[in-house]
Structure formats: structure tokens, C-alpha cells
Amino acid sequence: MRFAVFALMACLSGCSLSPTDSGSECATDSQCGDDVCARTGECLARSAVRSVRVEWTIDGSAPAQAACADHPDLYLQFDGAEYGDAVRFAPVACAEGSFFVDKLPLRYQQVEMGVEGGRGGDAAVIDPSSARAKLDLFPVAE
Numbered sequence: 033m034r035f036a037v038f039a040l041m042a043c044l045s046g047c048s049l050s051p052t053d054s055g056s057e058c059a060t061d062s063q064c065g066d067d068v069c070a071r072t073g074e075c076l077a078r079s080a081v082r083s084v085r086v087e088w089t090i091d092g093s094a095p096a097q098a099a100c101a102d103h104p105d106l107y108l109q110f111d112g113a114e115y116g117d118a119v120r121f122a123p124v125a126c127a128e129g130s131f132f133v134d135k136l137p138l139r140y141q142q143v144e145m146g147v148e149g150g151r152g153g154d155a156a157v158i159d160p161s162s163a164r165a166k167l168d169l170f171p172v173a174e
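Per my numbering, the sequence shown starts with residue 33, numbered consecutively.
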């Protein structure tokens with residue numbers, strides 16, 4: 033019990049409870065002081081986020097309305113190393129062929145895309161040098 037009291041006192045003397053601290057919740061950059069509001073709703077240092085572009089094809093071809101007719105809306109999910117650490121965007125229009133997100137935390141290294149509850153999705157690692165990921169959805173079985 034004594035240790036807990038000392039730990040609490042140490043934290044209160046050296047820890048700020050300000051809502052602009054790195055790691056706190058946010059909706060806009062102005063709530064983060066010198067940091068930025070990541071797309072995950074947390075304040076992070078500018079060096080801890082990046083812009084990422086995800087591009088996809090449908091069975092090797094550029095997406096088109098006809099190819100996407102059976103699944104016009106998809107989900108896109110970025111996954112971190114920790115189980116359950118993910119950020120998801122939906123609906124994402126299949127025919128668009130690309131998705132851009134800025135201020136994505138660096139801890140997200142993989143992306144998956146597909147139809148909610150369906151088959152034919154794909155996953156890829158985000159290339160660290162180009163900050164891009166390429167996916168091929170709904171490949172025809174050989």
C-alpha cells in the first residue's frame with residue numbers, strides 16, 4: 033500500500049494530466065499542443081505518424097463498376113502488432129481503387145481489405161519506404 037501511495041505521488045509530481053499530452057484523446061490537431069491528432073483519435077508526435085496510400089486491383093485489373101457490382105462497398109483495416117489494435121474505415125468504395133489516410137500511427141504495419149463477413153479479401157504489409165500497400169481482391173480460382 034505504501035508503494036502505491038509513493039508511486040501516485042511521484043506520478044502526480046511529474047505527470048501532467050493535461051488533455052494535450054501525447055497519447056491523449058483528440059478530435060483536432062489544436063487539442064494536441066505540439067503534437068498531431070492521429071486518425072485514431074490520439075495525440076502523437078509528428079514523428080510517430082505517416083501518410084499511407086492503399087491501392088487495389090480486382091483479380092489483377094483496375095477496379096471498375098462492373099467488377100465491383102457484387103461488392104460496391106468494402107472495409108479497410110490497418111492492424112498494429114498488438115492483438116485488437118486496429119483502425120477500420122468503412123464503407124470504402126470498391127471502384128475507387130485507392131485509399132489515402134494521413135496521420136496514421138507508425139505502429140500500423142499491415143492493412144487488410146475485403147467485404148464485411150465475405151470472402152475474397154487480401155492483406156499486405158505497408159512498405160516502409162514508400163508508405164504504400166497493394167492488394168488484389170477477388171482473384172478467380174485457377
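Glycine included, C-beta positions come from ideal geometry on N, C-alpha and C.
By the Cβ rule, the region 135-153 counts as touching the region 90-107, because three or more pairs are nearer than 8 Å. Membership of S130 in the beta strand (DSSP E) is indicated by the continuous run 130-137.
Under DSSP, R85 shares a beta bridge with F132, R164. Following the DSSP letters along the chain, one finds A118 inside the beta strand (DSSP E) bounded by residues 118-125. V133 and R85 have their C-alpha atoms roughly 7 Å apart. When beta bridges are read from the DSSP output, I90 appears opposite S93, L169. Counting only the Cα atoms, P171 lies some 29 Å from E114. Classified as exposed, S130 has fewer than 16 neighbouring CB atoms from the shown chains inside 10 Å of its CB. For the pair Q141 and V124, the CB atoms are not nearer than the 8 Å cut-off. For G116, the closest alpha carbon among the candidates S161, A98, R139, S79 is that of R139.
Per DSSP, reduced to three states, the secondary structure at D61 is helical. Short of 8 Å from the beta carbon of G152, and not among the five residues preceding or following it, lie these beta carbons of its own chain, in chain order: H103, G146, L169, F170, P171.
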